[in-house]
Amino acid sequence: MPELPEVEVTRLSFADRIAGARIVSVRMGKPLRWPLGCDPALLAGRTVQAVRRRGKYLLLDLDAGLILVHLGMSGSLAFADHLPEPGAHDHFDMVTSRGALRLNDPRRFGAVVFAPAQDAPQAVKLLGGLGVEPLSDQFDAAAFHAALKRRNAPIKQVLLAGDVVVGVGNIYASEALFIAGIRPTMPASRISRPRAVRLRAAVRDVLARAVQKGGSTLRDFSNAHGQAGYFQLEAMVYDRAGEPCRQCAAPIRMIRQGQRATYYCAHCQKP
DNA sequence: AAAAGCCCCTGGATGC
DNA sequence: TGCATCCAGGGGCTTT
Numbered sequence: 471m472p473e474l475p476e477v478e479v480t481r482l483s484f485a486d487r488i489a490g491a492r493i494v495s496v497r498m499g500k501p502l503r504w505p506l507g508c509d510p511a512l513l514a515g516r517t518v519q520a521v522r523r524r525g526k527y528l529l530l531d532l533d534a535g536l537i538l539v540h541l542g543m544s545g546s547l548a549f550a551d552h553l554p555e556p557g558a559h560d561h562f563d564m565v566t567s568r569g570a571l572r573l574n575d576p577r578r579f580g581a582v583v584f585a586p587a588q589d590a591p592q593a594v595k596l597l598g599g600l601g602v603e604p605l606s607d608q609f610d611a612a613a614f615h616a617a618l619k620r621r622n623a624p625i626k627q628v629l630l631a632g633d634v635v636v637g638v639g640n641i642y643a644s645e646a647l648f649i650a651g652i653r654p655t656m657p658a659s660r661i662s663r664p665r666a667v668r669l670r671a672a673v674r675d676v677l678a679r680a681v682q683k684g685g686s687t688l689r690d691f692s693n694a695h696g697q698a699g700y701f702q703l704e705a706m707v708y709d710r711a712g713e714p715c716r717q718c719a720a721p722i723r724m725i726r727q728g729q730r731a732t733y734y735c736a737h738c739q740k741p
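Just so we're aligned, residue 471 is where the first sequence starts under this note's numbering, counting upward by one.
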């Protein structure tokens, strides 16, 4: 579920409040994608200094080490002064001096991993192969075009893979390609320079606007205060199969690429 | 190296 | 109402 906008909205909703907090206790529920990697009791007494984001990972910087949090498909974080008794899908609770952080994740594709340092094997393995941050100045048009030239897979799947540019998931890949007017099935290597420039701008535009709208809430996403997002109401193609294109009224098409649904307008998006 | 498939897991929607 | 089937914001791992 959560793509870059949802993860960033989550980060913004509690980063300031947790910064400087001392960890009182940590409780783990059912197993997540990977084990925590240390005894939870070992985290008590440490301080959460800041919350950063890298791709779809949240990084809680401690005074010693860091905690990587991934929301998977169905995860969401809550941060409150007091949390109710943990429910069946609450798999990580961290009580701090400034409030309690909780991960709720029904499908358990998410993860909470402790790494003793930035360059610890756990962190390197998970973050090492990630592409450039799309909203940063590092997302250079010429380099983006050059990277696409090296890939023959369909552009939609290259965006999703995350090794060229991070944070673009299934909703925003379809949306960005619509904005750029590019057919999702087009081999990345055949995208011209001007179209790569447009795609770069479209990715930045759609992600930034989604953050502004609080992300997309399709079924259960909410920020750390339980507030839903509204970007799904502005989607041009995602989940709109058969409905009229908002630009030309042609019916939106749905295809499957790598077991994931892709939505596009055959009239507005050229091969 | 790159690409394509396969899973991990639960719950909601749909169909008979 | 009950049960089977399909589908879902991700991504690491294995196989071609």
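The beta-carbon is built from N, C-alpha and C at its ideal position, and this holds for glycine as well.
Own chain, CB closer than 8 Å to residue i, minus 5 neighbours either side, in chain order
i           : result
residue 556 : 497, 499, 563, 572
residue 714 : 720, 721, 722
residue 534 : 516, 586
residue 507 : 583, 584, 585, 592
residue 608 : 602
residue 485 : 520, 521
residue 741 : 653, 655, 656
residue 588 : 536
residue 613 : 602
residue 691 : 471, 472, 476, 546, 685, 698, 699
residue 489 : 518, 519, 520, 521
residue 491 : 517, 518, 566, 567, 568, 569
residue 726 : 732
residue 590 : 535
Cβ shell of residue i (< 7 Å), same chain only, five flanking positions each side left out
i           : result
residue 487 : 549, 568, 569
residue 673 : 604, 635, 638, 646
residue 532 : 516, 517, 518, 519
residue 650 : 665, 668, 669, 672
residue 481 : 521, 523, 528
residue 559 : 574, 575, 576
residue 648 : 706, 707, 734, 735, 738, 739
residue 504 : 581, 583
residue 599 : 633
residue 696 : 548
Whole-number beta carbon distance between residue j and residue i, since they are thought to touch under 8 Å
i           : j           : result
residue 584 : residue 513 : 7 Å
residue 472 : residue 541 : 4 Å
residue 807 : residue 544 : The displayed coordinates of the chain run from 471 to 741. Any statement about residue 807 would go beyond what the structure contains.
residue 659 : residue 621 : 6 Å
residue 547 : residue 694 : 5 Å
residue 478 : residue 686 : Contact doesn't hold; Cβ gap of about 12 Å is too wide.
residue 684 : residue 700 : 6 Å
residue 578 : residue 561 : 7 Å
Close Cβ partners of residue i (< 6 Å) along its chain, the five nearest in sequence each way excluded
i           : result
residue 718 : 737, 738
residue 565 : 494, 495
residue 643 : 626, 629, 630
residue 595 : none
residue 611 : 667, 670
residue 483 : 693, 694, 695
residue 640 : 730
residue 539 : 528, 582
DSSP bridge partner residues for residue i (one or two, in chain order)
i           : result
residue 687 : Beta-bridge pairing links residue 687 to no other residue.
residue 521 : 530
residue 634 : Answer is none; residue 634 lacks a bridge partner.
residue 609 : DSSP lists no partner for residue 609.
residue 547 : 573
residue 667 : DSSP lists no partner for residue 667.
residue 624 : 657
residue 538 : 529, 583
residue 649 : None, per the DSSP bridge assignment.
- Task: Specify whether the stretch 729-736 and the stretch 705-714 touch according to this definition: at least 3 beta carbon pairs, one from each stretch, less than 8 Å apart.
- Result: Judged by Cβ distances under 8 Å, the stretch 729-736 makes contact with the stretch 705-714, as three or more pairs qualify.
- Message: Using 8 Å as the cut-off, can you tell me whether the stretch 627-637 makes contact with the stretch 511-530, which would need three or more C-beta pairs spanning the two stretches below that distance?
- Response: Yes, the stretch 627-637 is in contact with the stretch 511-530.
- Tell me the start and end of each unbroken alpha helix (DSSP H) in the stretch 560-607 that is at least 4 residues and wholly inside, in chain order. As summarised for the stretch 560-607, the continuous alpha helix (DSSP H) elements at least 4 residues long and confined to that stretch are 591-597, given in chain order.
- Query: Does the stretch 611-618 touch the stretch 678-689, meaning 3 or more C-beta pairs lie closer than 8 Å?
  - Reply: The stretch 678-689 is not in contact with the stretch 611-618.
- Query: Considering only residues of the stretch 473-505, which uninterrupted alpha helix (DSSP H) runs meet the minimum length of 4 residues and lie entirely inside it, listed in chain order?
  - Reply: Listed in chain order, they are 474-488.
- Task: Any chance you could list the alpha helix (DSSP H) runs of at least 4 consecutive residues sitting entirely within the stretch 683-740, in chain order?
- Result: Along the stretch 683-740, the alpha helix (DSSP H) does not occur as any fully enclosed run of 4 or more residues.
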